[in-house]
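Q: Note that the sequence shown covers residues 516 to 1213 in our numbering.
In this text, a Cβ means the ideal position worked out from N, Cα and C, and glycines have one as well.
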Amino acid sequence: YETWDEMDSWNWRANLPTIQFYRVAVDNDWPFYNVYGGTQDNNSLGGPSQTINRRGIINSDWIVTNGGDGFESATDPEDPNIVYAQAQYGWLVRFNKQTGEKTPIQPQPRYKEGAYRWNWDAPLITSKHQKKTIYFAANKVFKSNDRGGSWEVISGDLSRQLDRNTLPIMDRYWGPDAIALHKSTSIYGNIVTLREHPNNPGELWAGTDDGLVWKTSDDGKNWSSIKNFSELPKTKVGSLSLPLVYVQDLVLSAHKENVVYAVFNNHKNGDFKPYVYKSTNGGKNWTSIASDLPERGTVYSLVEDPINPDLLFAGTEFGMFYTLNGGEHWAQLKSGLPTIAVKDIAIQERENDLVIATFGRGFYVLDNYSPLRELEYVLDQDAAFFATKPGLLFQRANIGGIDYKGSQHYRSKNPTMGVTFHLYISNGAARVKDERPEANNELPHYPTMDQLRAEDWEESPYLLFIVKDEEGTEVARFTRGDFKGIQRFTWNAKYSSKAGINVSGEPKTNPGTTTFVKPGTYSISVLRSTNGQLEELVSGHTFEVNHLYNYEDIDYEFNADVDAVYAAANRIENEYKKLKEELGKLRAGFRNTVSTSVEDLSAARAIDMQLKELSLLLNGDPSRTKREIETVPSLGDVVGILAWGSWNHRGAPTGSMKNMLEDAKVMMKDAQAALDAVEEAIDQLEEKASTQGVPYWD
516 YETWDEMDSW NWRANLPTIQ FYRVAVDNDW PFYNVYGGTQ DNNSLGGPSQ
566 TINRRGIINS DWIVTNGGDG FESATDPEDP NIVYAQAQYG WLVRFNKQTG
616 EKTPIQPQPR YKEGAYRWNW DAPLITSKHQ KKTIYFAANK VFKSNDRGGS
666 WEVISGDLSR QLDRNTLPIM DRYWGPDAIA LHKSTSIYGN IVTLREHPNN
716 PGELWAGTDD GLVWKTSDDG KNWSSIKNFS ELPKTKVGSL SLPLVYVQDL
766 VLSAHKENVV YAVFNNHKNG DFKPYVYKST NGGKNWTSIA SDLPERGTVY
816 SLVEDPINPD LLFAGTEFGM FYTLNGGEHW AQLKSGLPTI AVKDIAIQER
866 ENDLVIATFG RGFYVLDNYS PLRELEYVLD QDAAFFATKP GLLFQRANIG
916 GIDYKGSQHY RSKNPTMGVT FHLYISNGAA RVKDERPEAN NELPHYPTMD
966 QLRAEDWEES PYLLFIVKDE EGTEVARFTR GDFKGIQRFT WNAKYSSKAG
1016 INVSGEPKTN PGTTTFVKPG TYSISVLRST NGQLEELVSG HTFEVNHLYN
1066 YEDIDYEFNA DVDAVYAAAN RIENEYKKLK EELGKLRAGF RNTVSTSVED
1116 LSAARAIDMQ LKELSLLLNG DPSRTKREIE TVPSLGDVVG ILAWGSWNHR
1166 GAPTGSMKNM LEDAKVMMKD AQAALDAVEE AIDQLEEKAS TQGVPYWD
C-alpha cells in the first residue's frame, strides 16, 4: 500500500505476487480446475487454474473462502461448489461457491469433555472412499460423514501429552515470567498431519508436532504407534531422550502395499536438515531417502506420482525437487520458479498438473509434468515425442477485459491453447563447419575457398512438422529451428491457410492458420532439413484433439470454402500489386527514354485507369471514404468479414455469411476478368517497350 497524504488514504499496489501460502488443494471442476489454499494474514482463497478469457487470470477471479490466517483447504471430490476452508486453530467452515454461504463446522467439545488442542495449521482431508466424509484433527482425530454437519471422535489424545514448560528453549528452561513465553507459536501437543490410504478404506495415519506417528486400519477403533526413526535427533525430557521432531508430512503409496514415506521438520530447534524416510513394510523399518537434497533445506511436503511409483516431488525451504528413482538422486525444478520455500504440493490428476504453494510468491502451476514419467525411456531414443495430452480447443473470450486498467492491474497468463508437444532429439544436425579438420582434432589449417563457400551457402537446419488427420489427410505444416535435447512447444490446432506464407524467417517459414481442426485423432511427423536434405526423425506420433463445446452444426465445408475464397482474394490482390508495380516501371521508362512513342505513354495511363477501377472493386472507394460518405463493401471487406467470422465463430454459418460468400465468388469472377484484361494490356506494352529500347524494362 502507498499513501501520499500522511495515511488519510491509500493506494493498493495489487500487482505484486508476494502472498504467503501455507497449503494448496485442487478440485475436479470442469473445464478448468480450481486452486485453493490458506495464507499468512490474508484469508483462505480460491481461484481458477485458467479461464476462457483472453485477459488471463486476474485478482477478481479469486474468492475468499474463510477469513483469518488461512490454512489447509479441502475440496469435495464430486461437488466443486463445496470447499472446506480453515483459519488458525481449526476454525473450519464449509463454503458454498454457488451461494457464498459459510457454515461453521469446527468440532466442538461437549460439556465437561475438555478442550481440544488445535495446531495453528490443523490437518484436514476428504475421504477417497466415502462420499461426504471428511477427517480433521486437533490432539484427537475427528470424522464426519455429512460434510462436517456432525462429528465423532475416532482417537484418543495422540500426542505425548508433555508439558512444554518442561522442554528446553535455546538450551535452557524458562519460567512463567519470561518475555513473550509461548507467544507467536502454536499450542503444543497436537496432530499436524493426517492421511488416508488411497487403496485401503479405514486406514489412516497421523503425525504429531512432538514426533509421534500413528496408524489405524479400522477407521480409528484401534491405533498403533509407528517408531524406529533411528536417525532423528532427540531431546532430553527428564530422564528420557525423545525424538520430539515435528512430523511434517506422511505419504501412503498408491502403488505398493506397505510403502510409506515420512517427512520430519526440526527447524524450530535450529536444525535445517532434510528428514525424509521410506518404509517398505508398513512402518516397521525406515530408510532415509534424503540423499542429495540440500543439507540445509528443510522439507515441507512430499507427494508421489499417481502413475510412476519412483517419481516423487519434494517441496523444500529452497525450492522444488523431484526424483525419478525413489530418492536415490534428487534434481531441482527451476524453470520460472524462484528460489522460495515450497510449503505444500498438490497433483491435479486429470490434467497431470503439479500445483505448489510458496511462502512468499503465491501459487505456481507446472502444466502437464507427465513427461517426467517417461524421461528415462525417451532419453534412450534417437528422437521421440513424449506422450501428448489431448488438446482442448475453444474460442477465447474478451469478457472482463483489463486493457484500459494500466500495468498495476495484475494478471496471470492462461496456458497456451492448442496441443502441447514435448519432443526429444538426441543430436543436432551436422553442419558443414563440423567437417573442418580442426573440428575433428586434426592438424589445423586454413580451409579452402570451396570449403568456406560451402559454409557461406549452407542453409540453416530446421525441423518440418506435418500433421495428418485419422484418414491420413494432411491438415497442417509448420517449422521450428533445429535443436538438441528436449523442447516444449504448442501447435494451435488450426488448419494451415492457403492464403499466404510469411517468408521473413527463411528457411523457418510458417503459413497462416484458419479454423480449429475437427475433434478426433491426429498424427504428427518430424523431418529434419540438413542443407536441403530431408530426413524423417519421428513418424506418425498420435494424439487427440477435443473441443470444449461440441457444436454439432459446425459447417466445415463452408469454412473450407471461405478459406479457399480468402486465399483466392489474396492471390488477386497480390497480382494486382505486381501489375501496378510493373506498369509504374513501364510508365517511367516511356517517360524518360528518348525517341519512344508518346502514344504508348498515353496507353500506359489508360491502363493505369483500368487498375484504379479494379482497385475500387478490390479495396473500396477512397474518394468516398475520406469524405465520410458511405460506400459499398469491397471484395477485401467482404472476404475479411467472412474470414473473421469463420475463424471466430464455432456454430453454423449465418444467412448473412452465406450471402457474403456467394457475393464474394461473383466479385472475384469480375475482378479476375478485369485483372486478365490489364495483364494482357501490360504484356502488349512490354513488347513495345522492348522494341523501343526502354532501359527500365528488360
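From the DSSP secondary-structure annotation, give me the bridge partner or partners of Tyr939.
A: DSSP lists Ala899 and Ile1001 as the beta-bridge partner residues of Tyr939.
Q: Using 10 angstroms around the beta-carbon of Ala861, count the other beta-carbons present and answer buried if the total reaches 16, otherwise exposed.
A: buried
Q: Only counting the same chain, and skipping five residues up and downstream in sequence, which positions put a Cβ closer than 8 angstroms to that of Thr533?
A: Gly875, Arg876 and Gly877
Q: Grouping DSSP H, G and I as helix and E and B as strand, with all else coil, what is Leu607?
A: strand
Q: For Met685, name the three-state secondary structure that DSSP assigns.
A: coil
Q: Gly1208: buried (16+ other C-beta within 10 angstroms of its C-beta) or exposed?
A: With a 10 Å radius around the Cβ and a threshold of 16 neighbouring Cβ atoms, Gly1208 comes out exposed.
Q: Could you pull the start and end residues of the beta strand (DSSP E) that Tyr790 belongs to?
A: Tyr790 to Ser794
Q: Compute the distance between the beta-carbons of Thr708 and Gly722, then report whether it is under 7 angstroms.
A: yes
Q: Which residue or residues does DSSP assign as beta-bridge partners of Arg710?
A: Trp720
Q: What residue from Gly629, Glu616, Thr750 and Arg710 has the CA that sits closest to Arg679's CA?
A: Thr750
Q: List the endpoints of the continuous beta strand (DSSP E) containing Arg1120.
A: Element bounds for Arg1120: not the beta strand (DSSP E) but the alpha helix (DSSP H), Val1113 to Asn1134.
Q: How many Å lie between Leu900 and Ser1040 at the Cα?
A: As written in the sequence, residue 900 is Phe, which differs from the Leu given in the question. Cα to Cα, the separation comes out at about 10 angstroms.
Q: DSSP puts Asn1163 in a beta bridge; with which residues?
A: Answer by DSSP bridge pairing: none, since Asn1163 is not bridged.
Q: Considering Cα atoms alone, identify which of Lys647, His644, Ser659 and Ser674 is closest to Ala653.
A: Ser674
Q: With a cut-off of 8 angstroms on the beta carbons, I'd call Leu677 and Val752 a contact; round off their distance for me.
A: 7 angstroms
Q: Do three or more CB pairs link the stretch 1050-1069 to the stretch 1029-1040 at distances below 8 angstroms?
A: yes
Q: Using C-beta distances below 7 angstroms, list every residue in its chain close to Ala1121, excluding the 5 sequence neighbours before and after it, in chain order.
A: none
Q: Taking the C-alpha atoms as reference points, what is the distance between Glu667 and Ser850?
A: The straight-line gap separating the alpha-carbon atoms of Glu667 and Ser850 is approximately 46 angstroms.
Q: Helix or strand or just coil, what does DSSP make of Ile1197?
A: Looking at Ile1197 - three-state DSSP - the assignment turns out to be helix.
Q: Give me the Cβ distance between Asp859 and Ser794, rounded to the nearest whole Å; I'm assuming they're in contact under 8 angstroms.
A: Actually they do not touch by this definition, with Cβ atoms about 22 angstroms apart.
Q: Enumerate in chain order the residues of its own chain whose CB-to-CB distance from Glu891 is below 8 angstroms, with the five nearest sequence positions on each side excluded.
A: Leu839
Q: Would you check if the stretch 634-648 and the stretch 699-708 touch, i.e. whether three or more CB-CB distances between them fall below 8 angstroms?
A: Output reads yes: the stretch 634-648 touches the stretch 699-708.
Q: In whole angstroms, give me the CA-to-CA distance for Pro1148 and Ala1188.
A: 19 angstroms
Q: Taking the continuous beta strand (DSSP E) assigned at Asp868, which residues delimit it?
A: Residues Asp868 to Thr873.
Q: Restricting to Cα atoms, I'd like to know which of Val541, Ala1204 and Lys948 is closest to Asn867.
A: Val541
Q: What did DSSP end up calling Trp545 once you bin it into helix, strand or coil?
A: DSSP, read as helix, strand or coil, puts Trp545 in coil.
Q: Once you ignore the five residues that flank Thr1111 on each side, which residues in its own chain have a CB closer than 6 angstroms to its CB?
A: Within the same chain, Thr1111 has close Cβ partners Phe1105 and Gln1207.
Q: Going by the CB atoms, is the gap between Gly553 and Gly585 shorter than 7 angstroms?
A: Yes, these two residues count as a Cβ contact at 7 angstroms.
Q: When you compare each of Gln645, Gly671, Lys646 and His644 to Phe657 by their alpha carbons, which one comes out closest?
A: Gly671
Q: State buried or exposed for Ala912, treating a residue as buried only when at least 16 other CB atoms are found within 10 Å of its CB.
A: Counting the other CB atoms within 10 Å of its CB gives Ala912 a total below 16, which places it among the exposed residues.
Q: Given that a residue counts as buried once 16 or more other Cβ atoms are within 10 Å of its Cβ, and exposed if not, what is His960?
A: Exposed, since its Cβ has fewer than 16 Cβ neighbours within 10 Å.
Q: Against chain D, with Cβ distances strictly below 7 angstroms, would Ser739 count as a contact?
A: Absent from the structure is chain D; it holds one protein chain and no more.
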